[in-house]
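Residue numbers (this note's numbering), protein chains in the order written: chain A, 2 to 201; chain B, 12 to 135.
To keep things clear, I will list the structure first and then write my remarks on it.
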Amino acid sequence: MSDPFAPPAPDPSADCAELRARLAAAEAERARAQAEVASLEEKLSEAINVCVALERLHGSTEHAEVLRAVQDVVINIIGSEELAVFEPGAGGDLLAVQSFGVGGSRLAPVTPGHGPLGRVAAEGTPWVVGDATPSGDPELTACVPLLAEGRVVAIVAIWKLLPQKPGLGPADRPMLELLGAHGGRALFLTAGRKRRARAA
Amino acid sequence: LAPRKKILLVDDSSTVLLFEKMILSKEPYDLLVAKDGQEGLEKALAERPALILMDVMMPRMDGVEACRQIRARSEIAATPVILVTTRGEPESVASGKAAGCSDYVTKPINPAELLSKVKSLIAA
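Put into structure tokens, the structure is as follows:
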């Protein structure tokens, strides 16, 4: 016979339900923490990229070294081994002054206003794949004007990305903007220095 | 105090070296630098690093050949080598593995992935 004064036996199904709820809450917390870590890692990666790009672009007073830095940023941070940098020549066209992984017609002089690269040079606004207006060159990923004092001092054209990079990510557009602003300024300043050195 | 472990960074690109230094300098490692595979091999023999992080495409001696030579030198043959490659295709990875690399990372380098591979190989 059962003891009428004994406390009621615990309900195992209630214990189970409580444990399940606590487990679900712990799993949700773990997922939230993981997402936060991933987001922080992403931000850290972007910050490192920005620091490295700025250090490289402004790390030299030599024009040729700045051109190499622009190329290096595109290869190692944007992730493309098909690029060319064009600077204005004496006749008004832009001439290829630095390139990697491309040749032939891609290095032909660029006339401002003509073709996808020429439009970027004339308008001073970047073109990035996915923009509303197609470039007309199916392999072009981006073309960015490098600006100083509101003028286009060079353009950088980027064709295919590295095979393991499926496309430009959210952090790439700000990096291209940084390249346009700081690459342009660094090229402008070092070109002035080069001119002064020649004149002296 | 245990001596800090040395990591040898081998790359001809100042951008990549700077990037790797920024990622790894937060950790308790002493970072050494070489600008090509030949210099990397010489520094590895002289400094006996705990790990070598090495680009594939370099002047004088590329990363795959340097890795092969590291594996052939008994003094440093067991040093973990991570190759940094622009090409993630299977044949590219296979040539690195055949040369004896311990692991590889592809460009653009993901800091979290690099750090995790470095830590796991150094701890092993």
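Yeah, the Cβ is synthetic: ideal placement off N, Cα and C, and Gly gets one too.
Under 8 angstroms Cβ to Cβ from residue i, same chain only, skipping five residues before and after it: list those, please.
i	result
residue 1/A	Look at the range of chain A in this structure, 2 to 201, and you will see that residue 1/A is not part of it.
residue 46/A	172
residue 69/A	99
residue 11/B	In the structure as shown, chain B begins at 12 and stops at 135. Residue 11/B is therefore absent and cannot be evaluated.
residue 174/A	129
residue 78/A	50, 53, 54 and 176
residue 194/A	62 and 64
residue 1/B	Nothing can be reported for residue 1/B, as the shown portion of chain B is limited to 12 through 135.
Would you say residue i and residue j are within 9 angstroms of each other, going by their C-beta atoms?
i	j	result
residue 128/B	residue 61/B	no
residue 117/A	residue 141/A	yes
residue 139/A	residue 177/A	no
residue 157/A	residue 145/A	yes
residue 84/A	residue 90/A	no
residue 49/B	residue 79/B	no
residue 25/B	residue 94/A	no
residue 34/B	residue 63/B	no
residue 130/A	residue 143/A	yes
residue 126/B	residue 87/B	no
If we ignore side chains and look at the alpha-carbon of each, how far apart do residue i and residue j end up?
i	j	result
residue 24/A	residue 18/A	10 angstroms
residue 104/A	residue 98/A	12 angstroms
residue 76/B	residue 98/B	16 angstroms
residue 34/A	residue 110/B	39 angstroms
residue 119/A	residue 88/A	12 angstroms
residue 51/A	residue 59/B	32 angstroms
residue 30/A	residue 85/B	49 angstroms
residue 64/A	residue 27/B	20 angstroms
residue 160/A	residue 22/A	52 angstroms
residue 197/A	residue 101/B	50 angstroms
residue 130/B	residue 185/A	38 angstroms
residue 6/A	residue 13/A	20 angstroms
residue 108/A	residue 101/A	10 angstroms
residue 9/A	residue 16/A	14 angstroms
residue 32/A	residue 123/B	18 angstroms
residue 192/A	residue 120/B	31 angstroms
residue 111/A	residue 125/A	14 angstroms
residue 37/A	residue 28/A	14 angstroms
residue 168/A	residue 137/A	18 angstroms
residue 107/B	residue 92/A	48 angstroms
residue 170/A	residue 67/A	25 angstroms
residue 52/B	residue 132/A	47 angstroms
residue 86/A	residue 45/B	28 angstroms
residue 32/B	residue 48/A	14 angstroms
residue 103/B	residue 115/A	39 angstroms
residue 11/A	residue 40/A	44 angstroms
residue 90/B	residue 152/A	51 angstroms
Please look up how many angstroms separate the CB atoms of residue i and residue j, rounded, as I've assumed it's under 8 angstroms.
i	j	result
residue 116/B	residue 133/B	Contact doesn't hold; Cβ gap of about 15 angstroms is too wide.
residue 163/A	residue 43/A	In fact, because the Cβ distance is near 19 angstroms, the residues do not count as touching under 8 angstroms.
residue 69/B	residue 47/B	5 angstroms
Let me know the secondary structure DSSP gives residue i once reduced to three states.
i	result
residue 152/A	strand
residue 49/A	helix
residue 117/B	strand
residue 103/B	helix
residue 172/A	coil
residue 16/B	strand
residue 65/B	strand
residue 145/A	strand
residue 138/A	coil
residue 127/B	helix
residue 41/B	strand
residue 49/B	helix
residue 24/A	helix
residue 113/A	coil
residue 70/A	helix
residue 35/A	helix
residue 25/B	helix
Looking only at its own chain, which residues have a Cβ that is under 6 angstroms from the Cβ of residue i, when we skip the five neighbours before and after it?
i	result
residue 66/B	22, 74 and 95
residue 118/B	97
residue 189/A	149 and 154
residue 112/B	78, 92 and 94
residue 58/A	70, 183, 184 and 187
residue 39/B	15
residue 114/B	93 and 128
Is any heavy atom of the ligand ATP found at a distance shorter than 8 angstroms from the C-beta of residue i?
i	result
residue 186/A	You won't find the ligand ATP in this model; it holds no ligand whatsoever.
Got a sec? Which residues, its chain only, sit under 7 angstroms from residue i by beta carbon, not counting five neighbours each side?
i	result
residue 181/A	127, 145, 146, 147 and 148
residue 1/A	Nothing can be reported for residue 1/A: it is not among the residues displayed for chain A, which extend from 2 to 201.
Against chain C, does residue i count as a neighbour if the rule is that its beta carbon must be under 9 angstroms from one of theirs?
i	result
residue 82/A	Structure shown: chain C not included; protein chains present are A and B.
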